[in-house]
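Asker: Residue numbering for the sequence shown follows the working numbering, beginning at 23 and increasing consecutively.
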Amino acid sequence: MRTDFLPLLLVVGLSACSTIEQPIMYEIERDGNTSYLLGTLHGGVSMKEFPPWVMEKVDRSNAIFTEIDLSPAGRERYKKAFDASLPSDSKTLDQRVSPEVWNEIVYYRGKWTPEKLKTLRPLTALQVYLRGRAEVWALPNFTRMDAGDMDAELAAYGLKNGKIAGFLEKDVLTRGPCAYVIETELLEKGVREIMSQGKNKSNPDDMKKAYRRGDVTKLNQSVFSTVTNDCIFRARHENWIFEIEQRLRALSPIVFAVGVTHLTVDKDSLPSMLETQGFKVRKLEAPTKL
23 MRTDFLPLLL VVGLSACSTI EQPIMYEIER DGNTSYLLGT LHGGVSMKEF PPWVMEKVDR
83 SNAIFTEIDL SPAGRERYKK AFDASLPSDS KTLDQRVSPE VWNEIVYYRG KWTPEKLKTL
143 RPLTALQVYL RGRAEVWALP NFTRMDAGDM DAELAAYGLK NGKIAGFLEK DVLTRGPCAY
203 VIETELLEKG VREIMSQGKN KSNPDDMKKA YRRGDVTKLN QSVFSTVTND CIFRARHENW
263 IFEIEQRLRA LSPIVFAVGV THLTVDKDSL PSMLETQGFK VRKLEAPTKL
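1) Taking the DSSP output, what are the residues bridged to V277?
2) In terms of alpha-carbon separation, which member of K101, L148, S112 lies closest to W124?
3) With distances taken between CB atoms, is the gap from S93 to I276 smaller than 7 Å?
4) Between which two residues does the beta strand (DSSP E) containing V282 stretch?
5) Rank A103, K133, L142, F72 by C-alpha distance to the C-alpha of R155 and give the top, closest one.
6) Quick check: the Cα distance between L241 and G61, rounded to an integer number of angstroms?
7) Indicate whether Q299 and I263 have their beta-carbon atoms separated by less than 7 Å.
8) Are the region 79-88 and the region 176-187 touching, with three or more C-beta to C-beta distances below 8 Å?
9) How many angstroms separate the CA atom of K113 from the CA atom of K101?
10) Taking just the CA atoms, how far does S68 sit from M329?
11) Report yes if the C-beta distance between F255 and D290 is below 7 Å; otherwise report no.
12) Is it the case that the Cβ atoms of E49 and L306 are separated by a distance below 7 Å?
13) Let's see if you can read the secondary structure: which residues bound the beta strand (DSSP E) around L296?
14) Let me make sure I understand the geometry here. Which of D81, Y233, V150, D228 has the alpha-carbon closest to that of K182?
15) Going by other Cβ atoms of all chains shown within 10 Å of its Cβ, with 16 needed for buried, is E205 buried or exposed?
16) Quick one: give me the first and last residue of the beta strand (DSSP E) that Y129 is part of.
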(Lines of atoms letter the chains of each structure in order from A and count residues from 1; the text may use other names and numbers.)
(Lines give C-alpha, C1' and ligand atoms only; values in the text may rest on other atoms or scores of the structure.)
Protein backbone atom coordinates (compact mmCIF):
# COMPACT_ATOMS: atom_id res chain seq x y z
CA MET A 1 0.00 0.00 0.00
CA ARG A 2 1.47 3.35 -1.01
CA THR A 3 1.68 6.07 1.62
CA ASP A 4 4.41 8.27 0.14
CA PHE A 5 2.29 11.35 -0.38
CA LEU A 6 4.27 13.52 2.02
CA PRO A 7 4.78 16.35 -0.53
CA LEU A 8 1.00 16.53 -0.77
CA LEU A 9 0.40 16.79 2.94
CA LEU A 10 -0.75 20.36 3.00
CA VAL A 11 -3.12 21.54 5.64
CA VAL A 12 -6.59 20.89 4.27
CA GLY A 13 -9.27 22.94 5.99
CA LEU A 14 -12.93 22.31 5.31
CA SER A 15 -15.13 25.20 4.34
CA ALA A 16 -18.14 25.91 6.49
CA CYS A 17 -20.11 26.68 3.34
CA SER A 18 -20.24 23.90 0.72
CA THR A 19 -20.89 24.83 -2.89
CA ILE A 20 -21.24 21.34 -4.42
CA GLU A 21 -25.01 21.06 -4.38
CA GLN A 22 -25.34 17.44 -5.57
CA PRO A 23 -22.20 15.32 -5.31
CA ILE A 24 -22.09 12.17 -7.42
CA MET A 25 -21.61 9.43 -4.84
CA TYR A 26 -22.58 5.76 -4.64
CA GLU A 27 -22.73 3.25 -1.83
CA ILE A 28 -21.47 -0.20 -2.82
CA GLU A 29 -21.85 -3.39 -0.80
CA ARG A 30 -20.79 -6.99 -1.13
CA ASP A 31 -20.80 -9.77 1.46
CA GLY A 32 -21.65 -7.26 4.18
CA ASN A 33 -18.75 -4.95 3.33
CA THR A 34 -19.82 -1.40 2.47
CA SER A 35 -17.77 1.33 0.78
CA TYR A 36 -18.28 4.38 -1.44
CA LEU A 37 -17.58 5.66 -4.94
CA LEU A 38 -17.05 9.42 -4.98
CA GLY A 39 -16.98 11.31 -8.28
CA THR A 40 -14.28 13.99 -8.40
CA LEU A 41 -13.35 16.76 -10.79
CA HIS A 42 -9.64 16.62 -11.59
CA GLY A 43 -9.08 20.36 -11.46
CA GLY A 44 -10.66 23.66 -10.52
CA VAL A 45 -12.90 22.49 -7.66
CA SER A 46 -11.65 21.83 -4.14
CA MET A 47 -12.73 19.09 -1.72
CA LYS A 48 -13.47 21.96 0.68
CA GLU A 49 -16.68 22.43 -1.31
CA PHE A 50 -18.12 19.01 -0.40
CA PRO A 51 -21.17 19.17 1.88
CA PRO A 52 -20.97 17.72 5.42
CA TRP A 53 -22.79 14.47 4.57
CA VAL A 54 -20.05 13.55 2.08
CA MET A 55 -17.26 14.43 4.50
CA GLU A 56 -18.91 12.36 7.21
CA LYS A 57 -18.44 9.29 5.02
CA VAL A 58 -14.87 10.28 4.20
CA ASP A 59 -14.15 10.72 7.92
CA ARG A 60 -15.64 7.32 8.80
CA SER A 61 -13.62 5.52 6.14
CA ASN A 62 -10.48 3.49 6.83
CA ALA A 63 -8.85 4.27 3.49
CA ILE A 64 -9.04 6.62 0.51
CA PHE A 65 -8.17 5.28 -2.93
CA THR A 66 -7.65 7.60 -5.89
CA GLU A 67 -7.37 6.64 -9.56
CA ILE A 68 -3.60 6.88 -9.86
CA ASP A 69 -0.55 7.06 -7.62
CA LEU A 70 -0.33 10.77 -6.82
CA SER A 71 3.10 10.63 -5.19
CA PRO A 72 6.01 12.22 -7.08
CA ALA A 73 7.46 8.77 -7.75
CA GLY A 74 4.13 7.57 -9.09
CA ARG A 75 3.74 10.54 -11.41
CA GLU A 76 7.23 10.00 -12.79
CA ARG A 77 6.54 6.30 -13.38
CA TYR A 78 3.35 7.09 -15.29
CA LYS A 79 5.15 9.68 -17.40
CA LYS A 80 7.87 7.19 -18.38
CA ALA A 81 5.30 4.54 -19.25
CA PHE A 82 3.30 7.08 -21.24
CA ASP A 83 6.37 8.13 -23.23
CA ALA A 84 7.26 4.50 -23.91
CA SER A 85 3.83 3.87 -25.44
CA LEU A 86 4.30 6.29 -28.35
CA PRO A 87 3.69 4.54 -31.69
CA SER A 88 6.53 3.44 -33.90
CA ASP A 89 4.72 3.99 -37.23
CA SER A 90 5.76 6.76 -39.60
CA LYS A 91 2.61 8.90 -39.37
CA THR A 92 3.19 12.53 -38.47
CA LEU A 93 0.88 14.64 -36.34
CA ASP A 94 -0.86 16.26 -39.31
CA GLN A 95 -1.88 12.76 -40.43
CA ARG A 96 -3.38 11.93 -37.04
CA VAL A 97 -5.75 14.87 -36.61
CA SER A 98 -8.45 16.35 -38.81
CA PRO A 99 -7.43 18.96 -41.45
CA GLU A 100 -9.49 21.61 -39.64
CA VAL A 101 -7.68 21.05 -36.35
CA TRP A 102 -4.28 20.87 -38.04
CA ASN A 103 -4.83 24.18 -39.86
CA GLU A 104 -5.91 25.79 -36.59
CA ILE A 105 -2.76 24.59 -34.81
CA VAL A 106 -0.54 25.82 -37.64
CA TYR A 107 -2.21 29.24 -37.63
CA TYR A 108 -1.43 29.72 -33.91
CA ARG A 109 1.96 27.95 -33.98
CA GLY A 110 4.04 30.93 -32.85
CA LYS A 111 7.73 30.31 -33.48
CA TRP A 112 7.20 26.69 -34.48
CA THR A 113 7.48 25.73 -38.14
CA PRO A 114 4.83 23.41 -39.59
CA GLU A 115 7.51 20.78 -40.21
CA LYS A 116 8.57 20.86 -36.57
CA LEU A 117 4.97 20.72 -35.40
CA LYS A 118 4.48 17.49 -37.32
CA THR A 119 7.03 15.76 -35.10
CA LEU A 120 5.49 16.74 -31.76
CA ARG A 121 3.50 14.41 -29.54
CA PRO A 122 -0.17 15.48 -29.34
CA LEU A 123 -0.16 16.97 -25.84
CA THR A 124 2.94 19.05 -26.63
CA ALA A 125 1.20 20.36 -29.75
CA LEU A 126 -1.83 21.25 -27.64
CA GLN A 127 0.38 23.25 -25.29
CA VAL A 128 1.93 25.07 -28.26
CA TYR A 129 -1.54 25.89 -29.56
CA LEU A 130 -2.80 27.14 -26.19
CA ARG A 131 0.21 29.41 -25.81
CA GLY A 132 -0.35 30.71 -29.32
CA ARG A 133 -3.96 31.50 -28.48
CA ALA A 134 -2.89 32.99 -25.13
CA GLU A 135 -5.70 30.93 -23.61
CA VAL A 136 -5.94 30.04 -19.95
CA TRP A 137 -7.73 26.78 -20.47
CA ALA A 138 -7.50 23.37 -18.83
CA LEU A 139 -7.31 20.12 -20.72
CA PRO A 140 -10.54 18.08 -20.63
CA ASN A 141 -10.46 17.08 -17.03
CA PHE A 142 -11.14 13.39 -17.02
CA THR A 143 -8.03 11.88 -18.59
CA ARG A 144 -5.17 14.07 -17.45
CA MET A 145 -2.16 12.17 -16.13
CA ASP A 146 -1.75 14.92 -13.55
CA ALA A 147 -4.84 14.32 -11.45
CA GLY A 148 -6.08 17.54 -10.03
CA ASP A 149 -6.46 19.41 -6.79
CA MET A 150 -9.44 17.53 -5.40
CA ASP A 151 -7.83 14.09 -5.73
CA ALA A 152 -4.55 15.27 -4.19
CA GLU A 153 -6.45 17.00 -1.39
CA LEU A 154 -8.42 13.85 -0.57
CA ALA A 155 -5.25 11.72 -0.47
CA ALA A 156 -3.49 14.28 1.73
CA TYR A 157 -6.54 14.68 3.98
CA GLY A 158 -6.74 10.92 4.46
CA LEU A 159 -3.08 10.57 5.41
CA LYS A 160 -3.25 13.58 7.72
CA ASN A 161 -6.11 11.85 9.54
CA GLY A 162 -4.44 8.46 9.85
CA LYS A 163 -6.10 6.69 6.92
CA ILE A 164 -4.51 4.39 4.37
CA ALA A 165 -3.91 5.97 0.96
CA GLY A 166 -3.97 3.80 -2.13
CA PHE A 167 -4.67 3.89 -5.85
CA LEU A 168 -6.63 1.80 -8.34
CA GLU A 169 -4.67 2.30 -11.56
CA LYS A 170 -2.06 -0.19 -12.68
CA ASP A 171 -1.10 0.20 -16.31
CA VAL A 172 -4.13 0.38 -18.61
CA LEU A 173 -3.89 4.13 -19.18
CA THR A 174 -0.24 3.86 -20.19
CA ARG A 175 -0.32 0.55 -22.04
CA GLY A 176 -0.14 -0.17 -25.76
CA PRO A 177 -2.10 2.08 -28.13
CA CYS A 178 -4.36 3.47 -25.39
CA ALA A 179 -1.97 6.20 -24.27
CA TYR A 180 -1.41 7.66 -27.72
CA VAL A 181 -5.07 7.30 -28.69
CA ILE A 182 -6.01 9.31 -25.62
CA GLU A 183 -3.44 12.03 -26.39
CA THR A 184 -4.67 12.36 -29.97
CA GLU A 185 -8.28 12.59 -28.81
CA LEU A 186 -7.35 15.25 -26.27
CA LEU A 187 -5.66 17.32 -28.98
CA GLU A 188 -8.55 16.99 -31.41
CA LYS A 189 -11.24 17.69 -28.85
CA GLY A 190 -9.23 20.36 -27.02
CA VAL A 191 -8.63 22.45 -30.15
CA ARG A 192 -12.24 22.05 -31.27
CA GLU A 193 -13.43 23.12 -27.82
CA ILE A 194 -11.35 26.30 -28.00
CA MET A 195 -12.61 27.01 -31.51
CA SER A 196 -16.18 26.48 -30.35
CA GLN A 197 -15.75 28.78 -27.37
CA GLY A 198 -14.47 31.51 -29.67
CA LYS A 199 -17.50 31.19 -31.94
CA ASN A 200 -20.18 30.62 -29.32
CA LYS A 201 -18.71 32.55 -26.39
CA SER A 202 -19.39 29.58 -24.11
CA ASN A 203 -18.32 29.81 -20.50
CA PRO A 204 -15.07 27.89 -19.87
CA ASP A 205 -16.30 27.23 -16.33
CA ASP A 206 -19.39 25.35 -17.53
CA MET A 207 -17.95 21.95 -16.54
CA LYS A 208 -17.20 23.10 -13.01
CA LYS A 209 -20.70 24.50 -12.69
CA ALA A 210 -22.15 21.22 -14.01
CA TYR A 211 -20.09 19.27 -11.49
CA ARG A 212 -21.31 21.40 -8.60
CA ARG A 213 -24.92 20.92 -9.74
CA GLY A 214 -24.54 17.20 -10.40
CA ASP A 215 -25.59 17.80 -14.02
CA VAL A 216 -24.91 14.37 -15.52
CA THR A 217 -25.95 15.32 -19.06
CA LYS A 218 -23.47 18.19 -19.17
CA LEU A 219 -20.71 16.17 -17.52
CA ASN A 220 -21.06 13.41 -20.08
CA GLN A 221 -20.41 15.88 -22.90
CA SER A 222 -16.72 15.55 -22.02
CA VAL A 223 -16.77 11.90 -23.10
CA PHE A 224 -14.63 11.07 -26.12
CA SER A 225 -14.91 8.60 -28.99
CA THR A 226 -15.88 4.95 -28.59
CA VAL A 227 -12.30 3.84 -29.22
CA THR A 228 -10.95 6.13 -26.53
CA ASN A 229 -13.72 5.17 -24.13
CA ASP A 230 -12.63 1.55 -24.37
CA CYS A 231 -9.30 2.70 -22.89
CA ILE A 232 -10.57 5.34 -20.47
CA PHE A 233 -13.59 3.50 -19.13
CA ARG A 234 -14.26 -0.17 -19.84
CA ALA A 235 -10.69 -1.53 -19.72
CA ARG A 236 -9.78 0.51 -16.65
CA HIS A 237 -13.00 -0.36 -14.84
CA GLU A 238 -12.36 -4.07 -15.31
CA ASN A 239 -9.01 -3.64 -13.55
CA TRP A 240 -10.46 -1.38 -10.89
CA ILE A 241 -13.20 -3.86 -10.02
CA PHE A 242 -10.57 -6.49 -9.24
CA GLU A 243 -8.79 -4.00 -6.96
CA ILE A 244 -12.07 -2.94 -5.32
CA GLU A 245 -12.97 -6.58 -4.58
CA GLN A 246 -9.59 -7.20 -2.94
CA ARG A 247 -9.62 -4.04 -0.83
CA LEU A 248 -13.27 -4.21 0.19
CA ARG A 249 -12.79 -7.35 2.28
CA ALA A 250 -9.77 -6.01 4.15
CA LEU A 251 -10.32 -2.29 4.58
CA SER A 252 -14.02 -1.36 4.42
CA PRO A 253 -15.32 1.24 4.59
CA ILE A 254 -13.24 2.79 1.79
CA VAL A 255 -13.82 5.89 -0.30
CA PHE A 256 -12.85 5.25 -3.92
CA ALA A 257 -12.41 8.75 -5.40
CA VAL A 258 -12.47 8.67 -9.21
CA GLY A 259 -13.17 11.12 -12.02
CA VAL A 260 -16.89 11.80 -12.04
CA THR A 261 -17.58 10.55 -15.57
CA HIS A 262 -16.42 7.09 -14.52
CA LEU A 263 -19.66 7.09 -12.51
CA THR A 264 -21.94 8.86 -14.99
CA VAL A 265 -20.94 7.72 -18.47
CA ASP A 266 -23.83 6.09 -20.36
CA LYS A 267 -21.94 2.94 -21.35
CA ASP A 268 -19.76 0.80 -19.06
CA SER A 269 -19.95 3.09 -16.03
CA LEU A 270 -18.19 1.79 -12.93
CA PRO A 271 -21.44 1.48 -10.90
CA SER A 272 -23.18 -0.51 -13.66
CA MET A 273 -20.18 -2.80 -14.15
CA LEU A 274 -20.00 -3.41 -10.40
CA GLU A 275 -23.68 -4.37 -10.42
CA THR A 276 -23.05 -6.99 -13.12
CA GLN A 277 -20.37 -8.44 -10.82
CA GLY A 278 -22.85 -8.92 -8.00
CA PHE A 279 -22.35 -5.73 -6.00
CA LYS A 280 -25.30 -3.92 -4.48
CA VAL A 281 -25.07 -0.34 -5.73
CA ARG A 282 -27.09 2.62 -4.49
CA LYS A 283 -26.81 6.24 -5.63
CA LEU A 284 -26.70 8.62 -2.68
CA GLU A 285 -28.69 11.83 -2.71
CA ALA A 286 -28.23 14.97 -0.67
CA PRO A 287 -30.38 14.88 2.48
CA THR A 288 -33.67 16.72 2.13
CA LYS A 289 -33.58 20.12 3.76
CA LEU A 290 -36.32 20.69 6.30
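Glycine included, each C-beta is placed from N, C-alpha and C at the ideal position. Values in this document were obtained by computation on a predicted structure and should not be read as measured data.
Answerer: The structure says:
1) Y58, I86
2) Checked all of K101, L148, S112; the closest Cα to W124 is L148.
3) no
4) No beta strand (DSSP E) contains V282, which DSSP labels as neither H nor E.
5) K133
6) Taking the CA atoms as reference points, L241 sits about 11 Å from G61.
7) Yes, Cβ-Cβ distance for Q299 and I263 is below 7 Å.
8) At 8 Å Cβ cutoff, the stretches touch.
9) 22 Å
10) It is not possible to answer for residue 329, since the shown part of the chain is limited to 23 through 312.
11) yes
12) yes
13) Where L296 is concerned, there is no enclosing beta strand (DSSP E), although the alpha helix (DSSP H) it sits in stretches over 292-298.
14) D81
15) buried
16) In the DSSP annotation of this structure, Y129 is not part of any beta strand (DSSP E); the continuous alpha helix (DSSP H) holding it starts and ends at 121-129.
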